[in-house]
Amino acid sequence: MSRAVALEFRHLASPFWQRFSDGVFGIASLTVTFFGGVCVGAILQGFALDNPAQGVPHYAGGAFNFITPFSIWTGIASCIAMTFSGVLFVRARFEKTEPLRQIAARWTAVVFWLAIIAVVITWIWSAANFDWARDKWFGPHFWIWGIFALLALICIEMVRRDTLKDKDFAAILWFNGAALILGFGMLITMFPWLVPGTWTIWNGATPQVSLITFTLTMGGFVPVMLMYNWYQIWVFRGRISKLVGYGH
Numbered sequence: 005m006s007r008a009v010a011l012e013f014r015h016l017a018s019p020f021w022q023r024f025s026d027g028v029f030g031i032a033s034l035t036v037t038f039f040g041g042v043c044v045g046a047i048l049q050g051f052a053l054d055n056p057a058q059g060v061p062h063y064a065g066g067a068f069n070f071i072t073p074f075s076i077w078t079g080i081a082s083c084i085a086m087t088f089s090g091v092l093f094v095r096a097r098f099e100k101t102e103p104l105r106q107i108a109a110r111w112t113a114v115v116f117w118l119a120i121i122a123v124v125i126t127w128i129w130s131a132a133n134f135d136w137a138r139d140k141w142f143g144p145h146f147w148i149w150g151i152f153a154l155l156a157l158i159c160i161e162m163v164r165r166d167t168l169k170d171k172d173f174a175a176i177l178w179f180n181g182a183a184l185i186l187g188f189g190m191l192i193t194m195f196p197w198l199v200p201g202t203w204t205i206w207n208g209a210t211p212q213v214s215l216i217t218f219t220l221t222m223g224g225f226v227p228v229m230l231m232y233n234w235y236q237i238w239v240f241r242g243r244i245s246k247l248v249g250y251g252h
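Each residue of the sequence shown is one higher than the last, beginning at 5 in this note's numbering.
Dropping the structure here:
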């Protein structure tokens, strides 16, 4: 809500309140990204659930159990990843002569290597902390995870090359490919756990609920989401300058 208000009313405000709106938008964006990453880390670590005879289990831990060194780190890593995504977006969105785009271009290499370091640290930490991850990554079928890693490395290298060549849209696509591969690889690593060590997909699924959820998602949400995003991409497909930006 803070981001929406700051974005909508910024152009109507005095210079002081414009700067205030910029700060609110930045802090709110950082907060959402950080705590989203913290939630991912907390889920990977698992959390206590009760075990009712019937029905869905409920959380049985404390209010701040989600705050751990690992979850804080995944929050930081999430901020780094989103910063890199934002840098690539600004590069692709603005004309190459725009100062904002030039600032983003200067930040690209630094944030790129920070993102690589974040991925490596998260992978090592996960392998050291979680038996369910270590057993799969270094088990008899380790070569499968090697394929995932190789595909991710190819995408990452293509991001680096395309940013150096100013192929900004291609760099975004390769970045999305790397993120998709890494995320999908972690989901497969977690399988069949929904909450590692506590709750499996088999425990959480019932035929009736699964069918309703699948039907609503695939029949309604996914098509609408794809059409809306494609429409937005098509409408705003060209590069812009500051003069044609919103509210200027």
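Every residue gets a Cβ at the ideal spot worked out from N, C-alpha and C, and that includes glycine.
Bridge partner(s) assigned by DSSP for residue i
i: W203; result: V199
i: L53; result: Y63
Sequence-distant residues of its chain with Cβ nearer than 6 Å to residue i (five each side left out)
i: W136; result: P200
i: V44; result: T78
i: I160; result: A182
i: A108; result: V91, V94, R95
Under the three-state DSSP convention, the category residue i falls into
i: F134; result: coil
i: F142; result: coil
i: R7; result: helix
i: Q22; result: helix
i: T72; result: coil
i: D170; result: coil
i: Q106; result: helix
i: A17; result: coil
i: A209; result: coil
i: Q58; result: coil
Beta carbon of residue i nearer than 8 Å to that of residue j
i: V36; j: A10; result: no
i: S82; j: G30; result: no
i: F134; j: L48; result: yes
i: V91; j: T112; result: yes
i: L53; j: W206; result: no
i: R105; j: V94; result: yes
i: V296; j: F70; result: As displayed, the chain neither begins before 5 nor continues past 252, which places residue 296 out of reach and without an answer.
i: I185; j: F152; result: yes
i: K100; j: D166; result: no
Cβ shell of residue i (< 7 Å), same chain only, five flanking positions each side left out
i: F173; result: A96
i: I158; result: none
i: A17; result: S25
i: L118; result: I84
Cβ separation of residue i and residue j, assumed to be a contact under 8 Å, to the nearest whole Å
i: V163; j: W178; result: 5 Å
i: A182; j: A156; result: 5 Å
i: G208; j: L198; result: 5 Å
i: G65; j: F51; result: 5 Å
i: A46; j: S6; result: The pair is not a contact, with the Cβ atoms about 23 Å apart (cut-off 8 Å).
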